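In the numbering used here, the protein residues as written are 257 to 809.
Below you'll find the structure, written out as structure tokens, and then a few comments.
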């Protein structure tokens with residue numbers, strides 16, 4: 257076992273070193289457009305706090321064309337006469353109206369700069385409406401590249417969906433396209449050809465038959481929501497309901513499969529949606545959006561964490577399209593998209609990163625939630641085996657934290673490597689009830705808030721009573737794995753960490769052969785390994801719970 261484990265960790269180490277060497281030869285160049293889209297601190301954005309949107313949009317599916325308007329209601333944070341909102345430049349602005357008057361504006365790349373006829377006073381509440389139309393970007397590989405996906409179901413009927421995380425909601429509607437300013441509430445009114453239905457976030461308020469062969473569906477979201485989560489899903493849907501008796505009482509559940517998949521949905525969703533809620537309310541606290549309910553909506557793409565309206569395209573199969581991403585077998589006992597995308601209701605929708613660079617806050621915790629789901633129903637060892645198995649997907653290709661201020665997320669390793677990092681943090685804290693209280697405390701403390709890297713790491717440090725900042729930094733901001741190096745010096749077994757993070761001193765579990773594990777806390781200098789009988793020939797590090805390199809000299 258030691259021999260195999262050592263080969264595994266050395267292989268990982270070599271992969272990480274190779275990736276790091278390749279990274280050193282290339283640094284991405286960012287443009288003015290990236291800064292306009294990604295900056296959170298420009299006066300033209302910070303001058304106003306968005307309170308409410310009303311999207312009123314018509315979908316001409318045959319022409320792949322949309323038209324309509326979006327109402328902005330906001331509170332002035334400072335005195336100003338000019339602000340920025342965003343809309344991709346392939347969509348035409350027809351006019352912007354403020355108090356019955358058309359305003360002047362300029363456009364640069366995908367940003368719009370709106371000038372008011374007078375100074376807007378700090379503290380005042382104002383509104384304007386943007387009228388626009390055009391052929392929005394078509395998603396070629398939704399949900400990863402973003403835009404609108406036009407597809408047909410197996411009967412040839414239209415099946416259309418929006419998905420725009422990362423690319424930004426401004427790819428299909430005018431908005432203040434930042435994650436750090438969530439709207440307090442919203443109305444989503446989508447008009448679709450008669451015979452089809454639209455399913456969006458929140459509760460369905462009204463259905464109106466229009467005179468032009470279209471039907472409008474009005475959906476209201478009563479809770480704060482980030483703009484990439486607002487959605488339109490259009491198809492020939494069936495609908496059924498349910499309830500879940502949760503920590504905050506009765507939770508309304510709505511299910512929207514395509515009409516011919518009704519029985520499949522009742523079977524597949526009927527098992528894993530309640531199980532997901534049971535597991536995640538236990539670990540993370542109450543479902544964060546009781547007021548808006550919980551929905552699953554069948555989509556032509558694989559899935560997306562649209563708040564109170566989770567998009568689902570996993571074809572009613574267990575695993576990830578029938579595959580187990582961990583290679584352990586545990587991933588085939590539940591529907592990956594139901595569990596993973598719903599897990600984002602806590603991490604991503606309830607707690608939202610201010611900058612896309614910190615998307616790890618969404619994805620690392622939600623990747624880790626998969627193992628907690630397994631643990632809830634199959635035991636802790638099963639959950640630990642699953643999270644360990646997900647290392648199969650780690651590339652060690654780039655830092656997990658992206659570039660700030662340019663709308664750039666980091667490596668996709670934020671999923672499996674981030675999940676393994678959180679499992680290591682749990683192992684270090686070594687108190688499962690405290691760990692559960694930290695996860696629940698995060699969702700309570702940052703309820704319906706946007707956060708930074710320092711907010712999350714600082715909270716975990718404070719609640720654990722440990723300085724875990726070097727651990728998070730090493731795994732999130734660097735590519736190389738830390739290496740636990742053992743060496744015999746003057747007849748004594750010594751150990752140290754080799755890592756890029758200054759002051760890296762992660763507590764790690766080691767043992768002699770098959771004995772009991774014991775924590776040691778190496779730093780960057782060799783120090784004695786205080787484990788009775790330990791030599792370089794019999795020392796073992798816990799490479800099951802720790803994702804590290806190990807070197808025995």
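Just so it is clear, CB atoms sit at the ideal spot from N, CA and C, and this is done for glycine as well.
Quick caveat: nothing in here was measured; it's all calculated off a predicted structure.
- DSSP, read as helix, strand or coil, puts residue 645 in helix.
- Rounded to the nearest angstrom, the gap between the Cα atoms of residue 388 and residue 327 is 12 Å.
- Between the region 591-601 and the region 548-567 there are three or more inter-stretch CB-CB distances shorter than 8 Å, so the stretches are counted as touching.
- When secondary structure is reduced to three states using DSSP, residue 404 falls in the strand class.
- Look at the beta carbons and you see the region 472-481 not touching the region 491-499: under three pairs across the two are nearer than 8 Å.
- If you compare the alpha carbons of 448, 688 and 665 with that of residue 628, the shortest gap goes to 688.
- Linking residue 773 to residue 795 through their CA atoms gives a straight-line distance of about 10 Å.
- Taking C-alpha positions only, residue 671 is separated from residue 709 by approximately 16 Å.
- At a Cβ-Cβ threshold of 8 Å, residue 338 and residue 371 count as neighbours.
- Proximity to residue 288 across 662, 784 and 683 peaks at 662, based on C-alpha coordinates.
- The alpha carbon of residue 492 has as its nearest neighbour, out of 304, 575, 286 and 556, the alpha carbon of 556.
- The Cβ atoms of residue 683 and residue 641 lie no closer than 8 Å to each other.
- DSSP, read as helix, strand or coil, puts residue 769 in coil.
- Looking only at 315, 758 and 647, the smallest Cα-Cα distance to residue 415 is reached by 315.
- Within the region 304-328, the runs of beta strand (DSSP E) that reach at least 3 residues and sit entirely inside it are, in chain order, 304-316.
- Annotation for residue 491: no alpha helix (DSSP H) segment contains it, though the beta strand (DSSP E) segment containing it runs 489-491.
- In the three-state scheme derived from DSSP, where H, G and I count as helix and E and B as strand, residue 437 is classed as coil.
- Residue range 336-342 is occupied by the beta strand (DSSP E) that includes residue 341.
- Distance between residue 764 and residue 800, taken at the CA atoms: about 11 Å.
- Under the DSSP assignment, residue 598 falls in the alpha helix (DSSP H) whose first and last residues are 592-599.
- Taking 8 Å as the cut-off, the Cβ atoms of residue 561 and residue 604 count as close.
- DSSP, reduced to helix, strand and coil, places residue 449 within a strand of the structure shown.
- In the DSSP assignment, residue 378 falls outside any alpha helix (DSSP H), carrying neither H nor E.
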